[in-house]
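The structure under discussion appears below in the form of structure tokens.
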Amino acid sequence: FSRDYRVVGTFFQGLILLVGVLGNLLVVMVVYRTRSMHSPTNCYLVSLAAADCVVLIASVPNEILSYYVIGSQWIWGPIGCAVFVFLQNLGINASSLSLTAFTVERYIAICHPMKAQSVCTVKRAKKIVGGVWAFAFCYSSPWLGLTVTEPIHYKGFQTVERCAMKLSRQEYLGYFFADIVVFYLVPLLLSCVLYGLIARVLFNGHFNKYPEVCRHDNQSSVDPTKSSRVQVVKMLVVVVVIFATLWLPYRGMLVYNSFATMYSKASFMDLWFLMFAKTCVYINSAINPILYTAMSIKFRRAFQRILLCGK
Numbered sequence: 301f302s303r304d305y306r307v308v309g310t311f312f313q314g315l316i317l318l319v320g321v322l323g324n325l326l327v328v329m330v331v332y333r334t335r336s337m338h339s340p341t342n343c344y345l346v347s348l349a350a351a352d353c354v355v356l357i358a359s360v361p362n363e364i365l366s367y368y369v370i371g372s373q374w375i376w377g378p379i380g381c382a383v384f385v386f387l388q389n390l391g392i393n394a395s396s397l398s399l400t401a402f403t404v405e406r407y408i409a410i411c412h413p414m415k416a417q418s419v420c421t422v423k424r425a426k427k428i429v430g431g432v433w434a435f436a437f438c439y440s441s442p443w444l445g446l447t448v449t450e451p452i453h454y455k456g457f458q459t460v461e462r463c464a465m466k467l468s469r470q471e472y473l474g475y476f477f478a479d480i481v482v483f484y485l486v487p488l489l490l491s492c493v494l495y496g497l498i499a500r501v502l503f504n505g506h507f508n509k510y511p512e513v514c515r516h517d518n519q520s521s522v523d524p525t526k527s528s529r530v531q532v533v534k535m536l537v538v539v540v541v542i543f544a545t546l547w548l549p550y551r552g553m554l555v556y557n558s559f560a561t562m563y564s565k566a567s568f569m570d571l572w573f574l575m576f577a578k579t580c581v582y583i584n585s586a587i588n589p590i591l592y593t594a595m596s597i598k599f600r601r602a603f604q605r606i607l608l609c610g611k
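For the sequence shown, the working numbering gives the first residue as 301, with consecutive numbering after it.
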């Protein structure tokens with residue numbers, strides 16, 4: 301890699317790692333310590349924050365390290381290869397499923413307020429989050445056995461190992477396409493449909509036909525105003541739109557290269573575009589706490605209380 305490439309990648313991705321991990325940990329801490337924020341939606345946001353932390357920690361340090369080693373050198377051995385690839389996929393998949401879960405929760409809470417009395421509870425949200433992580437774990441677990449380290453020799457250097465896939469790229473195409481459909485296209489299509497239905501209810505005057513009730517286990521709470529619901533929905537829509545936008549370059553490159561493999565054509569591997577696509581993914585995992593601060597008064601005040609040590 302050129303010096304400019306290393307400097308740009310290290311600076312921006314290092315900054316994203318720092319901001320993202322601290323921000324997502326702050327989200328978890330704020331929701332845990334602020335009793336008034338123990339709501340179903342925030343359970344899913346905590347799950348999303350945890351998933352984003354996993355993505356950042358499992359991906360960014362190794363990406364930065366790759367700028368300074370020999371070629372594709374891997375220094376963590378075969379176990380590290382399997383574990384890091386597994387954790388990357390676990391975090392990505394849990395993040396996408398958490399996003400889908402809070403979209404469905406908002407749809408039920410706003411469009412089916414009577415049903416929300418029994419469905420929209422913190423206890424149920426915790427069970428769903430557990431199911432999200434269990435499914436993501438099971439779906440990602442094959443990667444623990446699908447990776448291998450293999451020797452690679454660069455002229456003028458000693459032989460080193462690289463982290464690679466056991467099978468050929470063509471044999472993984474089904475898995476790659478399943479990833480794109482299950483964890484990108486389906487969540488986006490579902491979000492478009494459900495947020496469209498939510499918008500129809502909120503802006504066509506049907507919002508107050510029934511009281512919306514989202515319970516904290518055995519206690520009920522009614523949102524004070526329509527505007528507070530609109531604010532939350534706007535924030536979540538922005539999260540979904542940013543998810544779609546920031547994942548598009550990487551997913552698009554993956555689809556193109558998959559078809560290139562199928563038709564025996566050259567893959568697209570421009571190094572600067574690859575850095576850009578990966579950096580977009582890392583930004584997606586780091587930006588949500590900033591969005592919550594900018595768009596939610598409740599989150600902003602809670603962040604301030606935590607940062608000022610309760611003062």
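Heads up, the beta-carbon is just placed ideally off N, CA and C, and yes, glycines get one too.
Asked                                                                                                                                                    : Found
Going straight from the alpha carbon of A425 to that of V331, what length do you get?                                                                    : 14 Å
Restricting to Cα atoms, I'd like to know which of K598, P340 and A586 is closest to S359.                                                               : A586
Tell me whether the beta-carbon of Y582 lies closer than 9 Å to the beta-carbon of L356.                                                                 : yes
In the DSSP assignment, find the unbroken beta strand (DSSP E) run with T449 in it and report its ends.                                                  : T447 to I452
Whose C-alpha, out of I542, F457, L467 and L591, is nearest the C-alpha of Q531?                                                                         : L591
Taking DSSP as the reference, what is the three-state secondary structure of V385?                                                                       : helix
Going by DSSP, what residue range makes up the beta strand (DSSP E) through R462?                                                                        : V460 to M465
If you check the beta carbons only, do E363 and G309 fall under 9 Å apart?                                                                               : yes
Please identify the residue among N342, A544 and W376 whose C-alpha is closest to the C-alpha of R462.                                                   : W376
From the DSSP output, in three-state form, read off T421 for me.                                                                                         : strand
Check the C-beta distance from L473 over to M414 and give it rounded, since I have them as a contact under 8 Å.                                          : Not a contact, Cβ separation roughly 45 Å.
Could you compute how far the alpha carbon of N588 sits from the alpha carbon of R551?                                                                   : 20 Å
Three Cβ pairs or more, each shorter than 8 Å: is that satisfied between the segment 334-350 and the segment 571-580?                                    : no
Alpha carbon to alpha carbon, how far is A560 from S567?                                                                                                 : 6 Å
Am I right that T403 and S491 are in contact with their C-beta atoms under 8 Å? What's the rounded C-beta distance?                                      : 5 Å
Roughly how many angstroms separate the alpha carbons of R601 and R335, rounded to a whole number?                                                       : 13 Å
Ignore the nearest five residues each way along the sequence and tell me which others in L315's own chain have a CB closer than 6 Å to its CB.           : none
Buried or exposed for E405, please, with buried defined as at least 16 other CB atoms from any protein chain shown within 10 angstroms of its CB.        : buried
Please report the distance separating the alpha-carbon of Q417 from that of A409.                                                                        : 8 Å
Going along the chain, which residues of its own chain have a beta-carbon closer than 6 Å to the beta-carbon of Y305, five neighbours each way excluded? : none
CB L502 to CB Y407, shorter than 9 Å?                                                                                                                    : no
Could you give the C-beta distance for V533 and I480, rounded to a whole number, given that I count them as a contact under 8 Å?                         : So it is not a contact: roughly 27 Å between Cβ atoms.
Going by C-alpha distance, which of L365, S347, R469 and S440 is nearest G430?                                                                           : S347
Just confirm the distance between the C-beta atoms of R606 and M329, as a whole number of angstroms; I'd bet it's less than 8 Å.                         : Note that residue 606 corresponds to Ile in the displayed sequence, not to Arg. Rounded, the Cβ-Cβ distance is 6 Å, consistent with contact.
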